[in-house]
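Student: Chains A and B, in that order, are what the protein sequence lines are. For the record, in the first sequence the residue sitting at position 26 is 1123 according to my numbering, with numbers rising by one throughout. For the record, in the second sequence the residue sitting at position 40 is 1137 according to my numbering, with numbers rising by one throughout. Idealized CB from N, CA, C, for every residue including glycine. Starting off with a structure, shown below.
Number of protein chains: 2
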Amino acid sequence: MSNRLKSAPAVSRTQILAEFVRDYLPGARADVAAGELGHIALPMRVAGGRTITTDRTSNAFVYLASGATKLIAKASNGREQIVAFHFAGELVSVPGKSCHSYNLAALVDCDALTMPADELLAIARGDPDFLETLLQNTIGALHRCRDKAVGLGRKNAQERLADFLVGMAMRIGQDQEGACLINLPMSRRDVGDSLGLTIETISRQFGELRELGLVKTAGRSQVFLPDIAGLRNLAGYI
Amino acid sequence: MSNRLKSAPAVSRTQILAEFVRDYLPGARADVAAGELGHIALPMRVAGGRTITTDRTSNAFVYLASGATKLIAKASNGREQIVAFHFAGELVSVPGKSCHSYNLAALVDCDALTMPADELLAIARGDPDFLETLLQNTIGALHRCRDKAVGLGRKNAQERLADFLVGMAMRIGQDQEGACLINLPMSRRDVGDSLGLTIETISRQFGELRELGLVKTAGRSQVFLPDIAGLRNLAGYI
DNA sequence: GGCAGTCATTGATCCAGATCAACGAGTATA
DNA sequence: TATACTCGTTGATCTGGATCAATGACTGCC
């Protein structure tokens, strides 16, 4: 799992494309797929903190060869809601025109491949396997977003943080037989912006979970979870 | 638009299937498509208030030939969050195994067609047009869910209700040159469960919007919006 | 058309988390 | 290794929406 956070530079731009083909078009001959995708896919290396730019006028897909990102929605008054985090190997669906303005920002140095959604779909029409992978991927994102909506609409601060930590443990944690070590690539502010809470509330809830013996922290990013099952109980799942 | 809320009975179960084919597989020969789908698709008529049952062990799709539904997530302590409303002609993606338990409930009498997701996808692999339609549909649902997450995470009660009413106006409203008449098929409780608020707060915010001249109500379900643009301004969009 | 039951509204009070404020701990730069 | 600066923690106070409570208005059923 530790490679999910790899931030070592991919050697070249063509290699980013090749990794995407390997991950999402395993049946395709690499040269053929790369040829078609090469015209619409823009590979890029993005420094942590910068925005991964996509055409804002329509939907886009971004493949993440390495690194970690946050997908941010902006509402009025500068309020920000992080709607999803993504890690190496994942494909992100970035909304274009919508009620809110969406941005994909790099949490650490990233290698990314941006593609306009309609052009990617035009290519995918020729490859049912790929189309189905895209669909399965999108269904997964939809269901994660719905689970998130439950938290934002109906859970208290402690449940939200427990939920977040369990989710991160599963996605980027180093499993240690029921326990787990996580190296969070995002700040407390990011956690707050993701859970609809303030930075102060996040800090206090970390304190509570620490007192409950469910969390140990070291420095700003190291989090150790000695009892994943216990955290799950707190998370308000049914 | 008024047919989006049609609740007159569809004549037969085969007709529900035929409507799905017409809406989502326009290129397919109806008899061929119906033959394949016939083995996996379960047509049903469901009375308002009842649950549209799907196999809970895996994801499902539900096509709504007529009526209106709410997709409910249950968290612990009986807390409920409505993650989406759906109307006639729409295809709903219902999560199976997840952190929360999901149910699709009929708001009014519905004609529905339930299909296991993996079996539907197996059929769709033979038809790129259909697969692409499913994907576009799911991307749309994902982006609506993200916009909803922004509201749940970062907006106050008034913005949430304004947002909700604008959304309903676009989906089931009868447009009247900048104004709009809506016949809400859901209760105040449902509106609250969708916006992460209580029934009392919904009621108070309806009062506020009424005083602002942005909403007129008649009975429990009739809502008139004289100034959609004004509501949009309140909704906290960027 | 009267009655029952559910749903919506309104008012009073409470509380979880926001906001405001100050301080401490990491991290980066010279 | 000192310095500056951002990030995280902790405390005091405030507030929007929840909760508790009571009343009023539809809707459906005899």
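At 7 Å on the CB atoms, spell out the chain B contacts of residue 1235/A, in chain order.
Tutor: Residue 1235/A sits at position 138 when you count from the first residue of the first sequence. Near residue 1235/A (Cβ distances below 7 Å), the residues of chain B are 1232, 1235, 1236 and 1239.
Student: Which term fits residue 1288/B, buried or exposed, when burial requires 16 or more other beta carbons within 10 angstroms of its beta carbon?
Tutor: Residue numbering aside, residue 1288/B sits at position 191 when the second sequence is read from its first letter. The residue is buried, with at least 16 neighbouring Cβ atoms inside 10 Å.
Student: Three or more C-beta pairs under 8 Å: does that hold for the region 1141-1151 of chain A against the region 1194-1208 of chain A?
Tutor: Yes: the two stretches touch, three or more of their Cβ pairs being nearer than 8 Å.
Student: For the beta strand (DSSP E) containing residue 1247/A, list its first residue and its last residue.
Tutor: Counted from its first residue, the first sequence places residue 1247/A at position 150. Element bounds for residue 1247/A: not the beta strand (DSSP E) but the alpha helix (DSSP H), 1225-1251.
Student: Curious, which full-length alpha helix (DSSP H) runs of at least 4 residues does the region 1111-1172 of chain A contain?
Tutor: Runs of the alpha helix (DSSP H) inside the region 1111-1172 of chain A: 1127-1135.
Student: Using a Cβ cut-off of 7 Å, pull out every chain B residue sitting near residue 1245/A, in sequence order please.
Tutor: Taking the first sequence and counting its residues from 1, the one referred to as residue 1245/A is at position 148. What residue 1245/A touches in chain B: 1246.
Student: When Cβ atoms are compared, which residues of the region 1173-1194 of chain B fall closer than 7 Å to chain A?
Tutor: Cβ contacts with chain A come from 1173, 1176, 1178, 1180, 1190 and 1192.
Student: Output yes if chain A places a C-beta closer than 9 Å to the C-beta of residue 1260/B; else output no.
Tutor: Translated into the one-based positions of the second sequence, residue 1260/B becomes position 163. Answer yes: the Cβ-Cβ gap between residue 1260/B and chain A drops below 9 Å somewhere.
Student: Output the distance between the C-alpha atoms of residue 1308/A and residue 1301/A, rounded to the nearest integer angstrom.
Tutor: Taking the first residue of the first sequence as 1, we reach residue 1308/A at position 211. Taking the first residue of the first sequence as 1, we reach residue 1301/A at position 204. Computed Cα separation, rounded: 11 Å.
Student: Taking contact to mean at least 3 C-beta pairs separated by less than 8 Å, is the region 1251-1264 of chain B in contact with the region 1311-1328 of chain B?
Tutor: With the cut-off at 8 Å, the region 1251-1264 of chain B and the region 1311-1328 of chain B touch.
Student: Nearest to residue 1327/A by CA position, among 1316/A, 1310/A and 1315/A, is which residue?
Tutor: Translated into positions along the first sequence, residue 1327/A becomes position 230. Residue 1327/A has its Cα closest to that of 1310/A, out of 1316/A, 1310/A and 1315/A.
Student: I need the straight-line Cα distance from residue 1113/A to residue 1266/A, nearest angstrom please.
Tutor: As a first step, residue 1113/A is located in the first sequence; it is residue number 16 there, counting from the start. As a first step, residue 1266/A is located in the first sequence; it is residue number 169 there, counting from the start. Distance between the alpha carbons of residue 1113/A and residue 1266/A is about 26 Å.
Student: Please return the same chain residues whose Cβ sits closer than 7 Å to the Cβ of residue 1257/B, not counting the five positions on each side in sequence.
Tutor: The residue labelled residue 1257/B in the question sits at position 160 within the second sequence. If we look at residue 1257/B and ignore the five residues flanking it on each side, its Cβ neighbours are 1248, 1292 and 1294.
Student: In its own chain, which residues sit with a C-beta less than 6 Å from the C-beta of residue 1076/A, not counting the 5 before and 5 after it?
Tutor: For chain A, the structure presents residues 1098 to 1335; residue 1076/A sits outside this window and is missing.
Student: Does the Cβ-Cβ distance between residue 1185/B and residue 1214/B come in under 9 Å?
Tutor: Residue 1185/B sits at position 88 when you count from the first residue of the second sequence. Residue 1214/B sits at position 117 when you count from the first residue of the second sequence. The answer is no: Cβ separation not under 9 Å.
Student: Can you give me the C-alpha to C-alpha distance between residue 1208/A and residue 1152/A, rounded to a whole angstrom?
Tutor: Here residue 1208/A is taken as the residue at index 111 of the first sequence, counted from 1. Here residue 1152/A is taken as the residue at index 55 of the first sequence, counted from 1. Distance between the alpha carbons of residue 1208/A and residue 1152/A: 18 Å.
Student: Who are the near neighbours of residue 1279/B in its chain, counting only those whose CB is closer than 8 Å to its CB and skipping five residues on each side?
Tutor: The residue labelled residue 1279/B in the question sits at position 182 within the second sequence. The residues are 1262, 1265, 1266, 1269, 1270, 1271, 1319, 1320, 1321 and 1322.
Student: How would you list, in chain order, the residues of chain B whose beta-carbon sits under 8 Å from the beta-carbon of residue 1334/A?
Tutor: Here the question's residue 1334/A lines up with position 237 in the first sequence. Within chain B, the residues near residue 1334/A are 1172, 1173, 1196 and 1197.
Student: Quick check on the DSSP output: the alpha helix (DSSP H) that includes residue 1187/B runs from which residue to which?
Tutor: Translated into positions along the second sequence, residue 1187/B becomes position 90. Element bounds for residue 1187/B: n/a, residue is neither H nor E.
Student: Chain B partners of residue 1242/A, CB-CB under 7 Å?
Tutor: Within the first sequence, numbered from 1, the residue matching residue 1242/A stands at position 145. Residues of chain B passing the Cβ test: 1239, 1242, 1243 and 1246.
Student: Along chain A, which residues have their Cβ under 7 Å away from the Cβ of residue 1133/B?
Tutor: The residue you call residue 1133/B lines up with position 36 of the second sequence. Ordered by position in chain A, no residue passes the 7 Å Cβ test against residue 1133/B, which lies about 15 Å from the chain.
Student: Look at the Cβ atom of residue 1157/B, then the Cβ atom of residue 1118/B, and state whether they are nearer than 9 Å.
Tutor: By 1-based counting over the second sequence, the position of residue 1157/B is 60. By 1-based counting over the second sequence, the position of residue 1118/B is 21. No, the pair does not count as a contact, with Cβ atoms beyond the cut-off.
Student: Excluding the 5 residues preceding and the 5 following residue 1296/B in the sequence, name in chain order all residues of the same chain whose CB lies nearer than 6 Å to its CB.
Tutor: What you label residue 1296/B is simply residue 199 of the second sequence in a count that begins at 1. Here the set comprises 1285, 1286 and 1289.
Student: Give me the Cα-Cα distance between residue 1100/B and residue 1138/B, rounded to the nearest whole angstrom.
Tutor: Start at 1 with the first residue of the second sequence, and residue 1100/B comes out as number 3. Start at 1 with the first residue of the second sequence, and residue 1138/B comes out as number 41. For residue 1100/B, the predicted model reports a pLDDT of 42, less than 50, meaning its position is unreliable; a value from the coordinates is still stated below. The alpha-carbon atoms of residue 1100/B and residue 1138/B are separated by roughly 24 Å.
Student: Just verifying my parser: in three-state terms, what is the DSSP assignment at residue 1269/B?
Tutor: As a working note, residue 1269/B is residue 172 in the second sequence. Helix, per DSSP.
Student: Checking contacts by CB at 9 Å: is residue 1225/A closer than that to chain B?
Tutor: To locate residue 1225/A, count along the first sequence from 1; it is residue 128. Closer than 9 Å to some Cβ of chain B, the Cβ of residue 1225/A qualifies, so yes.
Student: Is residue 1133/A near residue 1160/A, with beta carbons less than 9 Å apart?
Tutor: Taking the first residue of the first sequence as position 1, residue 1133/A is located at position 36. Taking the first residue of the first sequence as position 1, residue 1160/A is located at position 63. No, Cβ-Cβ distance for residue 1133/A and residue 1160/A is not below 9 Å.
Student: Spell out the partners DSSP gives residue 1198/A in its beta bridges.
Tutor: Position 101 of the first sequence, counted from the first residue, corresponds to residue 1198/A. The partner list for residue 1198/A (beta bridge, DSSP) reads 1171/A.
Student: For residue 1322/A, decide whether its Cβ has a neighbour in chain B, counting only Cβ atoms nearer than 9 Å.
Tutor: Here residue 1322/A is taken as the residue at index 225 of the first sequence, counted from 1. Chain B, which has no Cβ nearer than 9 Å to the Cβ of residue 1322/A, makes this no.
Student: Within the continuous alpha helix (DSSP H) that includes residue 1209/B, where are the two ends?
Tutor: To locate residue 1209/B, count along the second sequence from 1; it is residue 112. Looking at the DSSP string, residue 1209/B is not in any alpha helix (DSSP H); the run it does join, the beta strand (DSSP E), is 1207-1213.
Student: So residue 1173/B and residue 1244/A are in contact, right, with Cβ under 8 Å, and what is the actual spacing, rounded?
Tutor: The residue you call residue 1173/B lines up with position 76 of the second sequence. The residue you call residue 1244/A lines up with position 147 of the first sequence. In fact, because the Cβ distance is near 13 Å, the residues do not count as touching under 8 Å.
Student: Where does residue 1177/A sit, in a helix, a strand or coil, going by DSSP?
Tutor: Within the first sequence, numbered from 1, the residue matching residue 1177/A stands at position 80. Reduced to three states, the DSSP call for residue 1177/A is strand.
Student: What residue range is occupied by the uninterrupted alpha helix (DSSP H) comprising residue 1326/A?
Tutor: Residue numbering aside, residue 1326/A sits at position 229 when the first sequence is read from its first letter. Looking at the DSSP string, the run of the alpha helix (DSSP H) that includes residue 1326/A is 1325-1331.
Student: Give a yes or no on whether the minimum CB-CB distance between residue 1328/A and chain B is below 9 Å.
Tutor: The count along the first sequence starts at 1 and reaches residue 1328/A at position 231. Residue 1328/A does not count as touching chain B.
Student: What are the partner residues of residue 1320/B, as DSSP defines its beta bridges?
Tutor: What you label residue 1320/B is simply residue 223 of the second sequence in a count that begins at 1. DSSP output for residue 1320/B lists 1279/B and 1314/B as bridge partner(s).
Student: Would you mind stating whether residue 1197/A and residue 1325/B have Cβ atoms separated by less than 9 Å?
Tutor: Counted from its first residue, the first sequence places residue 1197/A at position 100. Counted from its first residue, the second sequence places residue 1325/B at position 228. Contact flag unset, no.
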